[in-house]
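Engineer: My questions will all concern the structure given below.
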Amino acid sequence: MKITTGQRIFSVFNYIFITFLVIVTLYPFWHIVMASFSNSYELMAHSGLLLKPVGFSLQSYKLVLSDNAVIRGFINTVILLITKNTLSILLTLFGAYVLSRKLMITPVMSFMVVVTMFFSGGLIPTYLNVRSLGLDNSFGALIFPTAISTFNLIILRTAFYGVPDSLEEAAHLDGAGDLRILFEILVPLILPSIMVVALYYIVGVWNSWFEASIYLRDRKLFPLQLILREVLVEKQINMDSDSETTAESIQYAIMTVSTVPVLIFYPFMQKYFVKGATVGAVKG
Amino acid sequence: MATDVKNITKREKRKASPDKKPWIVRFGRDIKMHKGAYMLALPVILFYILFCYKPMGGLIIAFKNYAPIKGIWGSSWAGFSHFEDFLTNPYFWRLMKNTLTISISSLIFSFPAPIILALLLNEVRNKLFLRGSQMIMYLPHFISLVVICGMVIQFTGSDGIINDFLAIFGVERKSFLNYPEYFVPVYIISDIWAGIGWGSIIYMAALTGIDSSLYEAAVIDGAGRWKQTIYVTLPGILPTIIVMFLMRVGQLLSVGYEKIILLYNPLTYETADIISTYVYRKGLLEQSYSFSSAVGLFNSIISFILLTFANGMSKRLGEGSLW
Amino acid sequence: MNKKLMAAVAFIAATGMVLGGCGKKEESSAPQGEIILAEDGTIYPMSASEGELSLSVFTPIDSETEKIKYWSEATGVKLEFASSKASEALSLMLASNDLSDVIIADLATQPGGVQKYADDGVIVDITEHIDEYAPNLKAWFDKDETIRKMATTDDGKHYFFPCIRAEAVLRSYRGFVARKDLLDKYGLTEPETIEEWENVLKTFKDNGMSAPLSYDMTAFEPAGGFMSAYGVIPNFYLENGEVKYGYLEDGMKEALKTLSRWYSEGLLDKDIINASSNQDLNLTNNKTGMTFLTSGGGMGKYLRPHNGGDESFDLVGLKLPVLNKGDKPKFSSSTFPITTANNGFITSQCENIELAMRFLDFGYSEEGNMLMNFGKEGVSYEMVDGYPKYTELIMNNPDGKSVGDTMTEYFFSNWAGPFAQDVRYIEQYNQFPRQQEALKLWGEMMTMESTMPQVTFTTEETAKISSIMNNINTCANENMFKFIMGIKSVDADYEAFVAELKAFGIDEAIEIYKAALTRYNNR
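Here it is in structure tokens:
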């Protein structure tokens, strides 16, 4: 392919611009990691950019990682990630597939789904509902009530729309059932979108703490984020109290610990995005 | 035009095929014909009924003086008094104005940012650079809002980095978050800062789905990179953009309170106090559940009207629809 | 999991079921026998003639701490916790109508307060049972009339086991502090009058401080802070038994004028509105010379020697400022002898009220006092010459945890609960002489005469007052800073501000407070 001067200039600016963005977005995380390795007292007195740890110390990590609750929380979160994501992705695929068909029920169902993006019963009725189903104080309370995110459902439906009708029609003529069409023909074609949705679900589970905080009573079931949250929130405890706040560096260590595992996950996801691109090429 | 968009319009037209039989008969036939699809629909419908529609009955507390111990049905009726309280509140118009200012500004500025980023990233040929920069730009999404806002306060403070920079040009130092006129810009810019990378994911995925033969055809027609972007890339991700845009329009009134609460202070109330922060102060801190539920319902209804309108526009323009 | 799934599926049939009808509390499994008693009262740990003693407890206190284990062991009661720090958790528990036996939380500052929970039938009246089941708490009530009065509601009943802070030093644990090392360096003494304050701040400013006076005004002024020099606080208060609201008084105008002048002269932090978030930085970097702190957690944090810090760093407690030398401040930053935090309540669904009463009464007993304040002997404290001395585990934790953190793990005294705080706790928490001095100084200044007591409102009053005060607080906070920062002028704009407060209904709010005060006085 011939590259013109205009394109070359654009390309240079593009790289510079993106590098700038990367630096600007990297900083907060850099700050957190560096702060987590810093000495609490020196950190307190430090102002301005934090490019390297002030008074290097591993104390915060020692405290965080020696806490049983953190380890147990991590295991709970992994269990939730596996069970909930499997269920969520399957249900979302089913729903999106049906919504992209031309069935009689499709318009009704579409409307029913979209309405829920705007109307919900609110906290108390939702809580009562979960209790009446006997799901409280179990992982079920964290898995079922939020199993489908309508937003993700619509993303996948849009992806299904992008697949040429001819492919499915051909499969139908061959006598393939809906399940086979879905999993053997459509899923591979929209894999990048499925990966995005999976990523959204995974991150959703990883970051969520509120449901756990209201439904779970048994501390042994607490997911990681709830435990971390408690440490962070203790900072804002009642004014009437005379107790010291948790050292900042510990809070930062906790944040680092809770972010790193998700980052390790990324490259695997990204592989699929790239694969998706090749699939797209074959499709034409 | 890309195939995706054509497909949608095609479907829309085909939907209305006249049939003389009563609907129940047709429905039965439809089920029989697409047994598999209906089977798949069943758990999804079940989910929505059980976990979304069933609790929705609880919206009734907006019309009651809800006392938890008496339960929803045991509490006394309040009629529309909670709605009245909200609409006649002396701060009502200020709240409304601020909410709309923030959400419309974010629609204009924060919404397109990830799309532009995705398009720029699409032009990056170095795979390692691409992956590296993407991964880093997702990071802020995982940092607790409390921390992000803490940094925003630090950076915009009178001895923060932004003032350090402006001081070079002789600009007087000031704490930006103490001036009502800077609140919305700080809010929007920090929103873009924290959300641009994560927001671009969906567009990146849509980009990978574009048929590469379209580019080849464009090259043969003599189109440069710029023209390819205009005639192939953008139309290719248009359905995704439209869907995202529609959902955004539907949420014009529901700006979350968490971030505002962390950033605002009494001095910036006049531009920063919005419906949800008001409800937070009133509803959550004071446990006026019926009141907050009434405001929530008010919000939902307006959002729903907005969305229906936007969806209708989009449909009429032949650009696809949410339902 | 499978069972739960089945339950979910089975529920389809009942989709249309009436909302809000939720499961009734399950009957407690094992029957409990009589609690075995000694002649002179409860024997701790308690035991029953048959079965196990157990209670379910809702509390924001972390249930996985050592102190909870100690408490359970010492009382002989197995505790099941439904604890959560989420502020919504309490309302949701109430919403589900499935109450734990005991609630240890702050219900008084919830809208409607204790009275509302009593009216709604959430908590039970314990007045009748105190004599019989709570001899230790009764002893406190008999000994101290003020405490009894504060632990009573308007209808003359008792509903809770309070957290008692009887001694002055336990209640006057916060106030203004100044950098003693810098005062000495510039040849200044601790300022007392507004004039002296101004002089000190000017000196600080001239020596390069960018925020000489900086403190969290919204948090500390309402109880009594700088403005008390002018005889006002930005809150309701009493003057000769009359209810007043600070913003409506002339003193407030004067106070705001002074603050506004200081602000423009650079004596007050330019970032005063974010003072609390910049405090660590400003104080340790010599940007701030005077601030507002608590004695234990606050002063202790900065006084404790640390690596690389300034060796000479020193803080001294200050009196609240006054206008003329020798005046006594009208307010103090002290709290009441009972605090609303973590009070013990017994709910209407508690089946064994006697057990719950005796369990909650433990904290006020001799033995309970030691456990709640000092933890376990040999672990968190040692008896040295009859004085419970905290061990190194607490005061100098080998894992490097802060004193506050280890205290929270092993006992209750650095926060609150159903017990009486012991002076020997704060003596040790305030390990530095400067902290002791400050405590003493603040204790001497303590006056609660002008402070609005913890009155309660009727349900109607609650609805009215919360809707009025929501707007008023928004308006007042906004304007206070605008006046201080010179965005509005006190001379030109104050009348309009007062008119706005009146339009929001401040007079009606004062009337409601008056009515509540009358009821309080009649208790």
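Residue numbers (this note's numbering), protein chains in the order written: chain A, 1 to 284; chain B, 1001 to 1323; chain C, 2001 to 2523.
Just so it is clear, CB atoms sit at the ideal spot from N, CA and C, and this is done for glycine as well.
All values reported here derive from a predicted model rather than from experimental measurement.
For a minimum of 3 consecutive residues, which ranges assigned as the beta strand (DSSP E) are wholly contained in the region 2346-2384 of chain C?
Structural biologist: For the region 2346-2384 of chain C, whole beta strand (DSSP E) runs of length 3 or above, ordered along the chain, are 2381-2384.
Engineer: Residues of the region 90-109 of chain A in Cβ contact with chain B at a cutoff of 8 angstroms, in chain order, please.
Structural biologist: Correct list: Leu91, Phe94, Gly95, Tyr97, Val98, Arg101, Lys102, Leu103, Met104, Ile105, Pro107, Met109.
Engineer: Under three-state DSSP, which class holds Ser2028 of chain C?
Structural biologist: Looking up residue 2028 of chain C in the third sequence gives position 28. With a pLDDT of 44 at Ser2028 of chain C, under the threshold of 50, the modelled position of that residue is not reliable, and the figure given next carries that caveat. Residue state, collapsed to three classes: coil.
Engineer: Comparing the C-beta of Ile124 of chain A with each C-beta of chain C, is any distance below 8 angstroms?
Structural biologist: Taking the first residue of the first sequence as position 1, residue 124 of chain A is located at position 124. Chain C, which has a Cβ nearer than 8 angstroms to the Cβ of Ile124 of chain A, makes this yes.
Engineer: Bridge partners of Ala2048 of chain C, per DSSP?
Structural biologist: Here residue 2048 of chain C is taken as the residue at index 48 of the third sequence, counted from 1. DSSP output for Ala2048 of chain C lists C:Ile2035 as bridge partner(s).
Engineer: In chain C, what lies closer than 7 angstroms to Leu186 of chain A by C-beta?
Structural biologist: In the first sequence, residue 186 of chain A corresponds to position 186, counting from 1. The contacting residues do not exist; Leu186 of chain A stays about 27 angstroms from chain C at best.
Engineer: Quick check on DSSP: helix, strand or coil for Leu49 of chain A?
Structural biologist: The residue given as residue 49 of chain A occupies position 49 in the first sequence. Residue state, collapsed to three classes: coil.
Engineer: What would DSSP say about Thr2340 of chain C, mapped onto helix, strand or coil?
Structural biologist: Along the third sequence, one-based indexing puts residue 2340 of chain C at 340. Reduced to three states, the DSSP call for Thr2340 of chain C is strand.
Engineer: Would you call the CB atoms of Met1137 of chain B and Ile1196 of chain B closer than 8 angstroms?
Structural biologist: Taking the first residue of the second sequence as position 1, residue 1137 of chain B is located at position 137. Taking the first residue of the second sequence as position 1, residue 1196 of chain B is located at position 196. Yes; because the gap between Cβ atoms is below 8 angstroms, this pair is in contact.
Engineer: For Tyr252 of chain A and Leu221 of chain A, I'd like the C-alpha separation in whole angstroms.
Structural biologist: If you number the first sequence from 1, residue 252 of chain A lands on position 252. If you number the first sequence from 1, residue 221 of chain A lands on position 221. Tyr252 of chain A and Leu221 of chain A: Cα-Cα distance of roughly 24 angstroms.
Engineer: Rounding to the nearest angstrom, what Cα-Cα distance links Tyr2070 of chain C and Glu2460 of chain C in this structure?
Structural biologist: The count along the third sequence starts at 1 and reaches residue 2070 of chain C at position 70. The count along the third sequence starts at 1 and reaches residue 2460 of chain C at position 460. Distance between the alpha carbons of Tyr2070 of chain C and Glu2460 of chain C is about 43 angstroms.
Engineer: Here's the rule I'm using: 16 or more other beta-carbon atoms within 10 Å means buried, otherwise exposed. How should Leu51 of chain A be labelled?
Structural biologist: Translated into positions along the first sequence, residue 51 of chain A becomes position 51. The residue in question, Leu51 of chain A, is exposed, as its Cβ has fewer than 16 Cβ neighbours within 10 Å.
Engineer: Among the residues of its own chain, which have a CB less than 7 angstroms from the CB of Thr2456 of chain C, if the five just before and after it don't count?
Structural biologist: Here residue 2456 of chain C is taken as the residue at index 456 of the third sequence, counted from 1. Taken in chain order, the residues that qualify are Gly2113, Val2114, Gln2115, Thr2153, Asp2154, Ala2516.
Engineer: On the DSSP bridge list, what partners appear for Tyr2387 of chain C?
Structural biologist: Translated into positions along the third sequence, residue 2387 of chain C becomes position 387. In the DSSP output, where bridge partners are listed per residue, Tyr2387 of chain C has C:Val2384.
Engineer: If the cut-off is 8 angstroms on Cβ atoms, which residues from the region 14-48 of chain A count as contacting chain B, listed in chain order?
Structural biologist: Going along the region 14-48 of chain A in chain order, one finds Asn14, Tyr15, Phe17, Ile18, Thr19, Leu21, Val22, Val24, Thr25, Leu26, Pro28, Phe29, His31, Ile32, Ser47, Gly48 with a Cβ nearer than 8 angstroms to chain B.
Engineer: When DSSP labels each residue in this structure, what does Pro267 of chain A get in the three-state scheme?
Structural biologist: The count along the first sequence starts at 1 and reaches residue 267 of chain A at position 267. Of the three classes helix, strand and coil, the one that applies to Pro267 of chain A here is helix, per DSSP.
Engineer: Starting from the beta carbon of Asp2280 of chain C, find every residue of chain A whose beta carbon is closer than 9 angstroms, and list them in chain order.
Structural biologist: Counting from one through the third sequence, the residue named residue 2280 of chain C turns up at place 280. Chain A residues near Asp2280 of chain C: Leu43, Met44, Ala45, Glu248.
Engineer: Going along the region 59-75 of chain A in order, which residues come within less than 8 angstroms of chain C, judged by CB to CB distance?
Structural biologist: Answer in chain order: Gln59, Lys62, Leu63, Ser66, Ala69.
Engineer: Looking at Phe2292 of chain C: is its Cβ nearer than 8 angstroms to the Cβ of Tyr2215 of chain C?
Structural biologist: In the third sequence, residue 2292 of chain C corresponds to position 292, counting from 1. In the third sequence, residue 2215 of chain C corresponds to position 215, counting from 1. Contact: yes.
Engineer: Can you list, in chain order, the residues of its chain with a C-beta nearer than 6 angstroms to that of Val2077 of chain C? Leave out the 5 residues immediately preceding and following it.
Structural biologist: Translated into the one-based positions of the third sequence, residue 2077 of chain C becomes position 77. Closer than 6 angstroms at Cβ, skipping near neighbours: Leu2053, Leu2055, Phe2359.
Engineer: Under a three-way DSSP split, which group does Met2469 of chain C fall into?
Structural biologist: Position 469 of the third sequence, counted from the first residue, corresponds to residue 2469 of chain C. Residue state, collapsed to three classes: helix.
Engineer: When we look at the beta-carbon of Leu1346 of chain B and count the other beta-carbons within 10 Å, is it buried (16 or more) or exposed?
Structural biologist: Outside the displayed span of chain B (1001 to 1323) sits residue 1346 of chain B, for which this structure offers no information.
Engineer: Interface residues of chain A around Glu2064 of chain C at Cβ under 8 angstroms?
Structural biologist: By one-based count along the third sequence, residue 2064 of chain C stands at place 64. Under the 8 angstroms cutoff, chain A gives Ala69, Arg219.
Engineer: Classify Val2200 of chain C: buried if its beta carbon has 16 or more other beta carbons within 10 angstroms, exposed otherwise.
Structural biologist: Here residue 2200 of chain C refers to the residue found at position 200 of the third sequence. Classification for Val2200 of chain C: buried.
Engineer: Does the Cβ-Cβ distance between Tyr2173 of chain C and Ile2426 of chain C come in under 8 angstroms?
Structural biologist: Within the third sequence, residue 2173 of chain C is the residue found at index 173, counting from 1. Within the third sequence, residue 2426 of chain C is the residue found at index 426, counting from 1. Cβ atoms of Tyr2173 of chain C and Ile2426 of chain C: closer than 8 angstroms.
Engineer: Run the CB neighbour count on Val2384 of chain C, radius 10 Å, all protein chains shown included, and call it buried at 16 or more, exposed below.
Structural biologist: Taking the first residue of the third sequence as position 1, residue 2384 of chain C is located at position 384. By the 10 Å Cβ count, Val2384 of chain C comes out exposed.
Engineer: Does any residue of chain A have a CB that is nearer than 8 angstroms to the CB of Trp1073 of chain B?
Structural biologist: Walking along the second sequence from the start, residue 1073 of chain B turns up at place 73. Output row for Trp1073 of chain B: interface = no.
Engineer: Using DSSP with H/G/I as helix, E/B as strand and the rest coil, what is Ile2104 of chain C?
Structural biologist: In the third sequence, the residue the question calls residue 2104 of chain C occupies position 104. The answer is strand: DSSP assigns Ile2104 of chain C an E or B state.
Engineer: Over the uninterrupted beta strand (DSSP E) stretch that includes Tyr2237 of chain C, give me the two end residues.
Structural biologist: The residue labelled residue 2237 of chain C in the question sits at position 237 within the third sequence. That run of the beta strand (DSSP E) goes 2236-2239.
Engineer: Start and end of the alpha helix (DSSP H) containing Met1039 of chain B?
Structural biologist: Sequence index remark: in the second sequence, residue 1039 of chain B carries index 39 (1-based). Element bounds for Met1039 of chain B: 1035-1048.
Engineer: Looking only at DSSP bridge pairs, what is Phe2483 of chain C linked to?
Structural biologist: Your numbering for residue 2483 of chain C matches position 483 in the third sequence. Phe2483 of chain C is not bridged to any residue.
Engineer: Just reading off the beta strand (DSSP E) that Met2290 of chain C is part of, what are its end residues?
Structural biologist: Position 290 of the third sequence, counted from the start, is the residue given in the question as residue 2290 of chain C. Residues 2290-2294.
Engineer: Name the residues in the region 2396-2415 of chain C whose C-beta lies less than 9 angstroms from a C-beta of chain A; which are they?
Structural biologist: Listed by position, the residues of the region 2396-2415 of chain C near chain A (Cβ gap below 9 angstroms) are Asp2399, Gly2400, Lys2401, Ser2402, Val2403, Gly2404, Asp2405, Met2407, Thr2408, Asn2414, Trp2415.
Engineer: If you follow the alpha helix (DSSP H) that Arg101 of chain A is in, where does it begin and where does it stop?
Structural biologist: The residue labelled residue 101 of chain A in the question sits at position 101 within the first sequence. No alpha helix (DSSP H) holds Arg101 of chain A; DSSP gives it neither H nor E.
Engineer: Chain F beta carbons: is any one of them nearer than 8 angstroms to that of Arg180 of chain A?
Structural biologist: Judged by its chain identifiers, the structure shown contains no chain F, and its protein chains are A, B and C.
Engineer: Straight-line CA distance for Ala2139 of chain C to Cys2163 of chain C?
Structural biologist: Looking up residue 2139 of chain C in the third sequence gives position 139. Looking up residue 2163 of chain C in the third sequence gives position 163. Rounded to the nearest angstrom, the two C-alpha atoms are 14 angstroms apart.
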